[in-house]
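Trainee: Protein chains in written order, with my numbering: chain L, 1 to 442; chain C, 443 to 884. What follows is a single structure, and I will ask about it in a moment.
Protein chains: 2
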Amino acid sequence: MRKPRPISGFPEWLPHEKLAEQHLIDVIRYVYELYGFSPLETAAIERTETLTAKGVVDKEIYALGRLREEPGERDQWEYGLHFDLTVPLARYVAMNYGHLNFPFKRYQIQKVWRGERPQEGRFREFYQADIDVIAENELPLHFDAEMPAVIHDIFCRLDIRHDIRLNHRQLLIDFYRGLEMSDEMIPAALREVDKLDKVGADGVKDSLGGLGLSDEVVASCLQLAAIRGPGVEVFEKARALGVSSPALDEVKTVGEALAQVPHTFDLGIVRGLDYYTGTIYETLLPDYPELGSICSGGRYENLASEFTNKKLPGVGISIGLSRLVSYLFAKEIWKPTRHCPTQVLVICPDEDDRPKCALIAEQLRRHGIATEVYSKAQAMKKQLRYADRKGIPQVLFPHKYSETDPTVEVKTLASGEQVTVPLPEWAEKNRGPAAPADRSGR
Amino acid sequence: MRKPRPISGFPEWLPHEKLAEQHLIDVIRYVYELYGFSPLETAAIERTETLTAKGVVDKEIYALGRLREEPGERDQWEYGLHFDLTVPLARYVAMNYGHLNFPFKRYQIQKVWRGERPQEGRFREFYQADIDVIAENELPLHFDAEMPAVIHDIFCRLDIRHDIRLNHRQLLIDFYRGLEMSDEMIPAALREVDKLDKVGADGVKDSLGGLGLSDEVVASCLQLAAIRGPGVEVFEKARALGVSSPALDEVKTVGEALAQVPHTFDLGIVRGLDYYTGTIYETLLPDYPELGSICSGGRYENLASEFTNKKLPGVGISIGLSRLVSYLFAKEIWKPTRHCPTQVLVICPDEDDRPKCALIAEQLRRHGIATEVYSKAQAMKKQLRYADRKGIPQVLFPHKYSETDPTVEVKTLASGEQVTVPLPEWAEKNRGPAAPADRSGR
Chain L
1 MRKPRPISGF PEWLPHEKLA EQHLIDVIRY VYELYGFSPL ETAAIERTET LTAKGVVDKE
61 IYALGRLREE PGERDQWEYG LHFDLTVPLA RYVAMNYGHL NFPFKRYQIQ KVWRGERPQE
121 GRFREFYQAD IDVIAENELP LHFDAEMPAV IHDIFCRLDI RHDIRLNHRQ LLIDFYRGLE
181 MSDEMIPAAL REVDKLDKVG ADGVKDSLGG LGLSDEVVAS CLQLAAIRGP GVEVFEKARA
241 LGVSSPALDE VKTVGEALAQ VPHTFDLGIV RGLDYYTGTI YETLLPDYPE LGSICSGGRY
301 ENLASEFTNK KLPGVGISIG LSRLVSYLFA KEIWKPTRHC PTQVLVICPD EDDRPKCALI
361 AEQLRRHGIA TEVYSKAQAM KKQLRYADRK GIPQVLFPHK YSETDPTVEV KTLASGEQVT
421 VPLPEWAEKN RGPAAPADRS GR
Chain C
443 MRKPRPISGF PEWLPHEKLA EQHLIDVIRY VYELYGFSPL ETAAIERTET LTAKGVVDKE
503 IYALGRLREE PGERDQWEYG LHFDLTVPLA RYVAMNYGHL NFPFKRYQIQ KVWRGERPQE
563 GRFREFYQAD IDVIAENELP LHFDAEMPAV IHDIFCRLDI RHDIRLNHRQ LLIDFYRGLE
623 MSDEMIPAAL REVDKLDKVG ADGVKDSLGG LGLSDEVVAS CLQLAAIRGP GVEVFEKARA
683 LGVSSPALDE VKTVGEALAQ VPHTFDLGIV RGLDYYTGTI YETLLPDYPE LGSICSGGRY
743 ENLASEFTNK KLPGVGISIG LSRLVSYLFA KEIWKPTRHC PTQVLVICPD EDDRPKCALI
803 AEQLRRHGIA TEVYSKAQAM KKQLRYADRK GIPQVLFPHK YSETDPTVEV KTLASGEQVT
863 VPLPEWAEKN RGPAAPADRS GR
């Protein structure tokens with residue numbers, strides 16, 4: 001016998017925490033579906049050739065062997081665990097191309113695995129919650145505005161203040177080109193501008209100068225990076241600075257489509273520009289700035305060029321669900337108190353009452369009210385302590401209940417309020433969530 | 443570029459199939475929660491010493507390496523993927539003992555992995571949907587009746603005919619002992635009785651005789667194995683056969699608690715008796731007998747003796763979710779037609795109408811109605827074909843809609859019925875699912 005120890009980087013929640021995480025997942029899923037995204041789930045396992053198809057992977061990938069084999073029996077790894085949900089999506093879309101309808105809107109909320117050194121808020125196994133819209137050949141620009149709309153909706157429902165920031169990769173590149181930067185210089189300059197938050201304008205000024213850029217060019221770069229505001233406003237400011245790029249019109253279009261959604265185009269955002277080809281997103285939580293971007297994404301020209309000849313442009317965004325929830329717990333911003341979904345604990349005064357209690361529980365459940373009957377006819381104090389410890393909101397005393405007179409007493413533990421009512425009436429008035437609707441058309 | 447191929451044994455669903463699987467998961471989860479089971483999720487990865495703690499494991503376990511290492515660099519496997527949800531539960535309960543409230547009722551719906559040769563309906567990655575009740579020291583018998591009640595509730599809601607069968611391990615053993623079988627003979631005899639379905643009574647008679655049992659003993663074994671019926675009836679029949687065992691009283695108690703739940707005690711069930719110590723469960727679907735038991739479980743004396751000194755008896759049951767859903771698809775019993783959760787497709791007559799369409803969509807979503815606006819102002823035929831292909835039930839024509847007169851036309855595609863109504867009225871009348879309730883008490 002050996003007492004088990006936790007595995008570093010593989011978080012597991014206690015029941016009250018899992019209930020809160022589950023709520024977060026449920027809200028995300030609910031909103032994703034409201035916008036018509038289909039659930040998708042890919043296998044946790046991919047061929048290693050798929051995982052590395054985009055070239056060198058800087059994530060530590062877990063490879064799979066067999067416990068029955070000695071590790072040395074194997075020449076090479078054939079399979080590994082996925083490290084994100086984008087590579088599996090690309091592989092899935094290429095593989096099932098003929099069966100999908102485009103634009104293909106999918107959401108995917110799954111665990112991913114990365115064998116990196118675990119740190120605070122950084123795990124080896126964690127949830128991502130992605131949406132992407134994949135089109136054939138051409139993806140209309142209004143989808144770029146849908147991503148922030150969805151994210152805004154989710155964070156509003158969770159009552160979490162959020163600051164959605166956008167930028168456009170091509171706008172920066174076109175502007176830098178207009179300043180007569182070479183194609184080799186542009187990424188180097190962007191890397192320096194990316195440090196703006198850390199080293200400040202003066203620091204970036206020095207390092208851009210160090211790259212051999214003239215004072216004038218450096219000043220323009222910094223002026224552009226300082227522009228922020230809603231899309232329509234940023235369009236005007238950037239145009240005033242002399243930006244001339246089709247990307248700028250895209251900023252305007254996306255900004256107009258986001259008229260109802262609070263957002264900030266921030267031309268100083270550089271992160272993620274390597275991968276994306278158009279709009280990019282970051283989401284900061286102003287109350288918890290140290291979290292960094294909790295929800296990022298962007299537009300890409302071609303999802304699956306490694307796997308198919310079809311041109312499949314897309315736009316997507318991903319919520320760092322595990323990172324967010326672990327932060328909310330660690331900082332005690334979320335302090336879940338319920339350890340089970342049970343809404344009502346039926347007190348069992350005597351084992352002879354158990355059939356009656358079971359009958360009451362069954363009626364409550366038929367009204368969507370999660371119910372337990374206490375496990376043993378113990379002292380009342382013990383039964384109440386159980387409800388209290390598990391955070392069960394209400395207890396029901398069945399003493400007065402009989403088949404002819406369905407009167408029960410229900411006590412709400414938080415307020416101490418106690419009512420004596422006929423069970424059917426109380427159950428009707430306190431209906432729980434409806435059973436899930438079947439939307440599969442089966 | 444290389445066209446990706448599927449990996450045998452790792453099923454992935456198309457969007458319409460995933461929607462149906464998701465519904466199955468949602469119903470299972472809903473019912474599990476109605477009975478007060480808490481969601482639990484353990485890491486996919488366990489230490490190999492945990493996975494093998496119960497001794498030799500007859501499942502093929504996937505072990506984890508690092509893609510960056512050559513397989514030969516490693517001396518031994520440290521981690522592997524879990525192959526069921528019971529070992530992780532035992533490890534979790536032992537590890538978090540001080541933080542849990544007992545009886546601990548948890549459900550766990552997660553993928554598990556087994557590196558076995560894939561066959562029809564048998565996968566290497568698949569979902570299990572488990573519930574277990576774990577108590578300290580003593581687990582009241584009424585929990586044995588809760589398992590079939592929960593399963594019955596689930597299959598009723600799914601409209602799937604089911605036949606829940608129970609047996610009691612100790613009853614068989616005590617009966618065989620009463621026939622003066624030796625402790626070595628009992629498992630051998632049980633193995634033969636287990637073949638009853640395959641080889642028939644005569645076959646079993648021969649093979650039991652071959653073990654050296656007298657004709658009289660063989661006849662008694664077969665008589666016992668032929669007893670089936672509701673618990674209370676089986677109690678009487680078994681007693682009449684001369685069974686005298688505390689287990690028989692347990693059958694009666696569980697049978698009485700199951701008065702409202704259709705069930706069959708079947709004293710011919712032997713499967714799973716190695717692991718369990720009391721009540722055992724199997725669930726057959728009479729319309730699909732070739733599926734075998736789709737939902738099995740039982741009572742065990744001690745969940746986690748490998749990990750803790752505490753005595754933690756439990757009872758649990760597990761639905762073979764992936765096996766069930768893949769069967770329902772393969773036999774075309776479930777033929778999902780909807781490829782996305784979208785309930786309403788808003789037609790976009792002209793790109794200038796897009797802001798208006800977006801406004802309409804937003805109002806529908808506020809009523810819980812999943813809505814998409816068509817991606818491009820194409821010919822009406824194309825837009826309708828998209829709705830048709832994706833199985834979207836309704837399309838909305840926004841032509842008449844203005845801020846002052848919110849009239850829209852909604853067409854139900856299946857019936858062809860079309861109504862002209864004010865949007866707020868229609869949305870109110872056709873409310874979709876409510877947003878998820880937060881039950882975490884955060």
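No residue lacks a Cβ here, since even glycine has one placed at the ideal position from N, Cα and C. Here the structure is a predicted model, which is why all the values come from computation and not from measurement.
DSSP puts residue 571(C) in a beta bridge; with which residues?
Mentor: 551(C) and 761(C)
Trainee: What number of angstroms, rounded off, separates the C-alpha of residue 618(C) from the C-alpha of residue 694(C)?
Mentor: So the two alpha carbons sit approximately 20 Å from each other.
Trainee: Report the residue from 32(L), 394(L) and 350(L) whose alpha carbon sits nearest the alpha carbon of residue 364(L).
Mentor: 394(L)
Trainee: Quick check: the Cα distance between residue 574(C) and residue 759(C), rounded to an integer number of angstroms?
Mentor: When rounded, the distance between both Cα atoms is 7 Å.
Trainee: Given residue 469(C), which residues of its chain have a CB within under 7 Å of its CB, disregarding the five upstream and five downstream residues?
Mentor: These residues qualify, in order along the chain: 596, 599 and 600.
Trainee: Is there a C-beta anywhere in chain C that falls below 8 Å from the one on residue 45(L)?
Mentor: yes
Trainee: Which ranges does the alpha helix (DSSP H) cover as unbroken runs of at least 4 residues, wholly within the stretch 811 to 835 of chain C, from first to last along the chain?
Mentor: 822 to 832
Trainee: Closer than 7 Å, Cβ to Cβ, to anything on chain L: give me those residues from the stretch 771 to 801 of chain C, in chain order.
Mentor: 776, 777, 778, 779, 780, 781, 782, 783, 784 and 796
Trainee: Please tell me whether residue 631(C) and residue 663(C) are closer than 8 Å, where the distance is taken between their beta carbons.
Mentor: Yes. Within cutoff.
Trainee: Tell me, please, whether the stretch 325 to 342 of chain L touches the stretch 307 to 314 of chain L by the rule of three or more beta-carbon pairs shorter than 8 Å.
Mentor: Verdict: no, contact absent.
Trainee: Please state the DSSP three-state secondary structure of residue 741(C).
Mentor: strand
Trainee: Does the structure place the stretch 643 to 652 of chain C close enough to the stretch 712 to 729 of chain C that three or more beta carbon pairs sit under 8 Å?
Mentor: no
Trainee: Under a CB-based cut-off of 8 Å, is residue 441(L) close to chain C?
Mentor: yes
Trainee: Going along chain C, which residues have a C-beta under 8 Å from residue 95(L)?
Mentor: 445, 446, 447 and 448
Trainee: Which runs of the beta strand (DSSP E) fall wholly inside the stretch 551 to 637 of chain C and span at least 3 residues, in chain order?
Mentor: 567 to 576 and 605 to 610
Trainee: Between the Cα of residue 696(C) and the Cα atoms of 605(C), 870(C), 586(C) and 517(C), which residue gives the shortest distance?
Mentor: 586(C)
Trainee: What whole-angstrom Cβ distance do residue 621(C) and residue 667(C) have, given they're in contact under 8 Å?
Mentor: Rounded, the Cβ-Cβ distance is 13 Å, inconsistent with contact.
Trainee: Going straight from the alpha carbon of residue 763(C) to that of residue 474(C), what length do you get?
Mentor: 14 Å
Trainee: So, does the CB of residue 870(C) fall closer than 8 Å to a CB anywhere in chain L?
Mentor: no
Trainee: Any beta-carbon of chain L closer than 8 Å to the one on residue 817(C)?
Mentor: yes
Trainee: DSSP state of residue 62(L), grouped into three classes?
Mentor: strand
Trainee: Considering only the alpha carbon of each residue, which of 288(L), 92(L), 185(L) and 352(L) lies closest to residue 214(L)?
Mentor: Ranking the options by Cα distance to residue 214(L), first place goes to 185(L).
Trainee: For residue 199(L), is the classification buried or exposed, using 16 other Cβ atoms within 10 angstroms of its Cβ as the cut-off for buried?
Mentor: Classified as exposed, residue 199(L) has fewer than 16 neighbouring CB atoms from the shown chains inside 10 Å of its CB.
Trainee: DSSP on residue 418(L), reduced to helix/strand/coil?
Mentor: strand
Trainee: Listed in chain order, which residues of the stretch 670 to 690 of chain C have Cβ atoms closer than 8 Å to some Cβ of chain L?
Mentor: none
Trainee: Of all the CB atoms in chain C, is at least one closer than 8 Å to the CB of residue 206(L)?
Mentor: No, residue 206(L) does not count as interfacial toward chain C.
Trainee: With DSSP as the reference, label residue 104(L) as helix, strand or coil.
Mentor: strand
Trainee: Shorter than 8 Å from the beta carbon of residue 71(L) to some beta carbon of chain C?
Mentor: yes
Trainee: Give the single residue among 675(C), 578(C) and 710(C) whose Cα lies nearest to the Cα of residue 636(C).
Mentor: Answer by Cα proximity: 710(C).
Trainee: Just confirm the distance between the C-beta atoms of residue 71(L) and residue 555(C), as a whole number of angstroms; I'd bet it's less than 8 Å.
Mentor: Contact flag wrong, Cβ pair sits at about 18 Å.
Trainee: If you pair each beta-carbon of the stretch 392 to 407 of chain L with each one of the stretch 484 to 500 of chain C, do three or more pairs fall below 8 Å?
Mentor: no
Trainee: Take residue 825(C) and list the residues in its own chain whose beta-carbon comes closer than 6 Å to its own, dropping the five residues that flank it on each side.
Mentor: 789 and 816
Trainee: Within the same chain, show all residues whose beta-carbon is closer than 7 Å to that of residue 432(L), passing over the 5 residues directly before and after it, in chain order.
Mentor: 343, 367, 368, 369 and 370
Trainee: Keeping to the same chain, check which residues put their C-beta closer than 6 Å to that of residue 733(C); ignore five residues upstream and five downstream.
Mentor: 727 and 769
Trainee: What residues are listed by DSSP as bridge partners for residue 333(L)?
Mentor: The partner list for residue 333(L) (beta bridge, DSSP) is empty, contrary to what the question assumes.
Trainee: Hey, does residue 26(L) have any beta-carbon neighbour from chain C nearer than 8 Å?
Mentor: Interface residue (Cβ-Cβ distance to chain C less than 8 Å): residue 26(L) is classified as such.
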